[in-house]
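Structure first, commentary second.
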Amino acid sequence: MRFTPKIKEKVWEIKLEKKIFDKWTSEKIHVFNVKSKKKIFAIDTPPPYPSGRPWHIGAAAHYSQIDMIARTARMMGKEVYFPIGIDRNGVPVENYTEKKFNIRMQDTPREKFLELAKTALDDLEAEMIGIMKSMGLSGNFENYYRTDSTEYRKLTQTTFIMMWKKGLIYEDMRPNNFCIDCGTTIADADITYEDLPAQLVYMNWKVKDSDENIIIASTRPELICACQTLIVNPDDERFKHLHGKFATIPIYNREVKIIPHPAADTEFGSGALMICSYGDYEDVRLFRELGLKEVVAIDSKGRMTDKAGKYAGLKIKEARMKIIQDFENTGIIIKKENITHRTPICDRSNTPIEIISMKEFYLKQLDFKGKIKKASEKLKFHPEEHRQILNNWIDAISIDWPISRRRFYGTEIPVWFCKSCKKAVVPEPGKYYQPWKERSPVRKCPSCGGRSFTGDGRTFDTWFDSSISPLFITKFMKDKTFFAKTYPCSIRPQAKDIIRTWLYYTLLRCYQITGNLPFEHAWIQGYGVDEKGEKMSKSKGNVIDPIPILEKYGGDNFRFWDAAEASLGSDFRSSEQRVIGSSKFLTKLWNVAKYISMFPQSPEVKLTPTDRWILAELNKVIEDCMKGYEDFNFFIPANRIREFVWNVFAPHYLEMSKARAYGTNFSKEDQKAAWFTLNECLKSILLLLAPITPFLSDFVWRTLYGKKSIHIEQFPKTRWKSDLGKLTQDIIDFNSVVWNKKKEKNISLKDPIKIEIPKDLKEFEKDLIVMHNAKS
RNA sequence: GGGCCCAUGGUCCAGCGGUUAAGACGUCGCGUUCACAUCGCGAAGAUCGAGAGUUCGAAUCCCUCUGGGCCCACCA
Numbered sequence: 040m041r042f043t044p045k046i047k048e049k050v051w052e053i054k055l056e057k058k059i060f061d062k063w064t065s066e067k068i069h070v071f072n073v074k075s076k077k078k079i080f081a082i083d084t085p086p087p088y089p090s091g092r093p094w095h096i097g098a099a100a101h102y103s104q105i106d107m108i109a110r111t112a113r114m115m116g117k118e119v120y121f122p123i124g125i126d127r128n129g130v131p132v133e134n135y136t137e138k139k140f141n142i143r144m145q146d147t148p149r150e151k152f153l154e155l156a157k158t159a160l161d162d163l164e165a166e167m168i169g170i171m172k173s174m175g176l177s178g179n180f181e182n183y184y185r186t187d188s189t190e191y192r193k194l195t196q197t198t199f200i201m202m203w204k205k206g207l208i209y210e211d212m213r214p215n216n217f218c219i220d221c222g223t224t225i226a227d228a229d230i231t232y233e234d235l236p237a238q239l240v241y242m243n244w245k246v247k248d249s250d251e252n253i254i255i256a257s258t259r260p261e262l263i264c265a266c267q268t269l270i271v272n273p274d275d276e277r278f279k280h281l282h283g284k285f286a287t288i289p290i291y292n293r294e295v296k297i298i299p300h301p302a303a304d305t306e307f308g309s310g311a312l313m314i315c316s317y318g319d320y321e322d323v324r325l326f327r328e329l330g331l332k333e334v335v336a337i338d339s340k341g342r343m344t345d346k347a348g349k350y351a352g353l354k355i356k357e358a359r360m361k362i363i364q365d366f367e368n369t370g371i372i373i374k375k376e377n378i379t380h381r382t383p384i385c386d387r388s389n390t391p392i393e394i395i396s397m398k399e400f401y402l403k404q405l406d407f408k409g410k411i412k413k414a415s416e417k418l419k420f421h422p423e424e425h426r427q428i429l430n431n432w433i434d435a436i437s438i439d440w441p442i443s444r445r446r447f448y449g450t451e452i453p454v455w456f457c458k459s460c461k462k463a464v465v466p467e468p469g470k471y472y473q474p475w476k477e478r479s480p481v482r483k484c485p486s487c488g489g490r491s492f493t494g495d496g497r498t499f500d501t502w503f504d505s506s507i508s509p510l511f512i513t514k515f516m517k518d519k520t521f522f523a524k525t526y527p528c529s530i531r532p533q534a535k536d537i538i539r540t541w542l543y544y545t546l547l548r549c550y551q552i553t554g555n556l557p558f559e560h561a562w563i564q565g566y567g568v569d570e571k572g573e574k575m576s577k578s579k580g581n582v583i584d585p586i587p588i589l590e591k592y593g594g595d596n597f598r599f600w601d602a603a604e605a606s607l608g609s610d611f612r613s614s615e616q617r618v619i620g621s622s623k624f625l626t627k628l629w630n631v632a633k634y635i636s637m638f639p640q641s642p643e644v645k646l647t648p649t650d651r652w653i654l655a656e657l658n659k660v661i662e663d664c665m666k667g668y669e670d671f672n673f674f675i676p677a678n679r680i681r682e683f684v685w686n687v688f689a690p691h692y693l694e695m696s697k698a699r700a701y702g703t704n705f706s707k708e709d710q711k712a713a714w715f716t717l718n719e720c721l722k723s724i725l726l727l728l729a730p731i732t733p734f735l736s737d738f739v740w741r742t743l744y745g746k747k748s749i750h751i752e753q754f755p756k757t758r759w760k761s762d763l764g765k766l767t768q769d770i771i772d773f774n775s776v777v778w779n780k781k782k783e784k785n786i787s788l789k790d791p792i793k794i795e796i797p798k799d800l801k802e803f804e805k806d807l808i809v810m811h812n813a814k815s
């Protein structure tokens, strides 16, 4: 009998992937059916942000693993809802638009700017979608969503209006991070710190009713007009006699109290410092703690206000230089020191931020800290240890969330202000509002009856949009049946670095709106770092572009690489070398499949001990893989299968059963037993690998086992349990000994050798003798 | 300053109370028509970051230290 492989290709050809992907699309095997009888598994896919190229290889790997989650759930018998979205709101889009068209947002008419911003990301978005497809994502590409769509923004506004009605939103004048250059309040997340040189000046202030002076050290002398108190450390002997006395602010001649407070460091400067509104967040904290009244010294354009007296109208830096000069002339400054100062910088404009009080909208979150923490106990984390990051963040929250931004490209805040009573008027939900260019839908002010309104020009913080993704994808307020079936979602996959933003804000917002958690599982992936273990960043220039790697090695090799390298939740190194290394396994598997494809498939017959042994081993593999899949940890199955195929199945079972499979000197039944076992193993391996390497698995499956896709099958069952599995190590050891002996004797592996089969391996004697050409 | 995580052959990564410490990549040697040179077999290479402790027994548990990564706070 001649055997020819049904698999013809010499190697796994990555060009086949495109065809397979198109087949999936035309067969609609991944289309979500909300009416299905199966249990629904909804994935709150993170909509990626196309903020520049190249797309981060770690992010691409992340999405390929999200697809593994989807495929795993399908093979566990669930009806999977796997939406795809793209995030397109906020400052990075504006930034990209400015660069792309060489304009400045603040100098461009809003309408015009929005038009440009709306399409600025289209090419980047197309590229991202292309990457997702080449990685084989089984998501919904037919109608993927965008966070800047009318639909999405309408829902963001609806949730705002609902919360407004519940009294969860208020407007307040508070000190906040303000970027003068961008002209907006910004979030803490938009700030980085840089060590910049600064001048620490020591000033002599007169103490009231005394001949003494007190020396105040400051890097911000221009803020003395906003000083409300002086503090010294309670234990500082130098100042104990001054507690409760007053000092006079130079130039302004206003008196401020000297009080003891532990925030003053005896080691730094003079030991005494002024508390002004606002030099830094310590000032803000103390103003709040001590109930001080703020003095607005700087306006939103970055100029001194009339509170600064003769310095009014000057820019901050000019005022500082001027006042230092004046103090030097009058002998108030006794010393100047050059220090480096950790300065908060706006991430986008690279200019120092100021703390300025502005009227902003706030969402209440302090009242929910306990509730969110309690509710999140039910959320299952993968891996569990990352729960800590969320808990730490919730504990650290000390103010409500400022949600308004003075920017253009975002969801507009649906609010008009009555021109006569100045009160905010909020419309009914159900429409996408743009108050900066539309007339108020409310004709008469509910408070004063006024009929004239001004539209709010601000937009929301982008997290205010993205934090309702679980509501948007489940068609909240749009399709009651769909929502009831899909919410809460099953899982939120996301990266570790946005736990305190995206994960936290989503929990908060969805809890406030629906009263329960938006998903059951939180699946957290680490960062993709470079080959040296350093975080990739554009400034360092170590960002790896996934496109050339995908083109060269294909989706499956890329996916197998990230599954086998990125352990659940931990950071993983990325390099082309490592993808090449992983790709060897697919070649190996390909050849195993090609070999097995030579033989006909056989119904189950009486199996030999060798067959029952490898099936017992296979059984263990299935058990181990399922443990990994149940935790959505693909590192475990990827490595377990590689280990099994490469080190047990191919070198030992394939060799032991080869003569039987070819039918040399064995009965027809024994031959059929080998055929059956070979195919049984390959089928299970393919099924177990299908979520990780969907292309190759499907190709081989359709070539050998079925007209239909492997992706509508379920994971293999464990039905081959047997004690023979205990003998695996002995078999491996014995084969190794024989190979070594032949090596020592310098004879070919096919040459005969005199060797005894060990007692415990007697059951396998016949196969072992033929395999090694052993003579007793 | 507070917190979290990590430390295993040249590199990556398993093992989490008892194994001759697994595997992959890389290196070296030998080998090949018959699934695979995008291969096979074999070899070298790890006192499991350091120290102390618990235990009959520790890479594995406790403590201290060192080095690295990350998050939060932050010097007026």
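In the numbering used here, the protein residues as written are 40 to 815. Note that CB positions come from ideal geometry on N, CA and C, so glycine has one too. All figures in this text were calculated on a predicted structure; none of them were measured in a lab.
**Asked** Roughly how many angstroms lie between the CA atoms of D569 and A98, to the nearest whole one?
**Response** 13 angstroms
**Message:** Could you compute how far the alpha carbon of W629 sits from the alpha carbon of V687?
**Reply:** 16 angstroms
**Asked** Do L556 and A414 have their C-beta atoms within less than 8 angstroms of each other?
**Response** yes
**Prompt:** How should F307 be labelled, buried or exposed, when 16 other C-beta atoms within 10 angstroms of its C-beta is the threshold for buried?
**Reply:** exposed
**Prompt:** Looking only at its own chain, which residues have a Cβ that is under 6 angstroms from the Cβ of Q473, when we skip the five neighbours before and after it?
**Reply:** E451
**Request:** Please confirm whether A602 and F674 have their CB atoms less than 8 angstroms apart.
**Result:** yes
**Item:** Residues that G124 bridges to, as DSSP identifies them
**Value:** Y184
**Request:** Would you mind sorting T224 into buried or exposed? The rule is 16 or more other CB atoms within 10 Å of its CB.
**Result:** buried
**Request:** Give a yes or no on whether the C-beta atoms belonging to M144 and F624 are separated by under 8 angstroms.
**Result:** no
**Asked** If you check the beta carbons only, do I372 and K408 fall under 8 angstroms apart?
**Response** no
**Cβ pair K633, I46 closer than 8 angstroms** = yes
**Request:** Take every Cβ of the region 647-658, pair it with every Cβ of the region 757-774, and state whether three or more of those distances are shorter than 8 angstroms.
**Result:** yes
**Cβ neighbours of G667 in the same chain (closer than 6 angstroms, five flanking residues each side left out)** = I675 and P676
**Message:** Cutting at 8 angstroms between CB atoms, please list the residues of its own chain near K789, excluding the five before and the five after it.
**Reply:** N812
**Request:** Would you kindly work out how many angstroms separate the C-alpha atoms of G169 and D322, rounded to a whole number?
**Result:** 50 angstroms
**Item:** Spatially closest choice to S75 from K458, G175, K117 and G91, by CA coordinates
**Value:** K117
**Message:** Tell me the rounded alpha-carbon separation between F400 and E166.
**Reply:** 36 angstroms
**Asked** Just how far apart, CA to CA, sit S41 and L646?
**Response** The residue asked about is misnamed: residue 41 is Arg in this sequence, not Ser. Near 23 angstroms, if we compare the C-alpha coordinates of L646 and R41.
**Asked** W714 and F803: beta carbons closer than 8 angstroms?
**Response** no
**Request:** Please work out which residues of its chain come closer than 7 angstroms, Cβ to Cβ, to R110, disregarding the five sequence neighbours upstream and downstream, and give them in chain order.
**Result:** S177, A729, P730, P733 and H750
**Prompt:** So, are the CB atoms of I355 and N215 less than 8 angstroms apart?
**Reply:** no
**Asked** Run through DSSP, which three-state label would H101 get?
**Response** helix
**Prompt:** Terminal residues of the continuous alpha helix (DSSP H) containing N596?
**Reply:** P585 to E604
**Prompt:** Under a Cβ-count criterion, where at least 16 other Cβ atoms within 10 Å of its own Cβ denotes burial, should A311 be classed as buried or exposed?
**Reply:** buried
**Asked** Going by alpha carbons, who is nearest to K476 out of K458, C484 and R497?
**Response** R497
**Asked** In chain order, what residues of the same chain lie with their CB nearer than 6 angstroms to the CB of Y184, ignoring the 5 residues before and after it?
**Response** G124
**Prompt:** When the Cα atoms are used, what is the spatial distance from K517 to Y191?
**Reply:** 11 angstroms
**Asked** Does the beta-carbon distance from D663 to R679 come in below 8 angstroms?
**Response** yes
**Message:** So, with DSSP's three-state summary, where would you put I751?
**Reply:** helix
**Item:** K514, buried or exposed, once every other Cβ within 10 Å from all chains shown has been counted against 16
**Value:** buried
**Message:** Since P299 and H282 should fall inside the 8 angstroms C-beta cutoff, what is the C-beta to C-beta distance between them, to a whole number of angstroms?
**Reply:** 5 angstroms
**Asked** In terms of alpha-carbon separation, which member of I79, Q364, T379 and A159 lies closest to K140?
**Response** This sequence places Phe at residue 140; Lys is not what is there. For the residues I79, Q364, T379 and A159, the minimum Cα distance to F140 belongs to A159.
**Rounded C-alpha distance that separates I208 from E357** = 38 angstroms
**Request:** Would you give the residue range spanned by the alpha helix (DSSP H) that Y320 belongs to?
**Result:** Y320 to L329
**Asked** From V631, K591 and K574, pick the residue whose C-alpha is nearest to that of S609; which is it?
**Response** K574
**Item:** CB-CB length for G318 against R359, believed under 8 angstroms
**Value:** Not really, about 11 angstroms apart at Cβ, beyond 8 angstroms.
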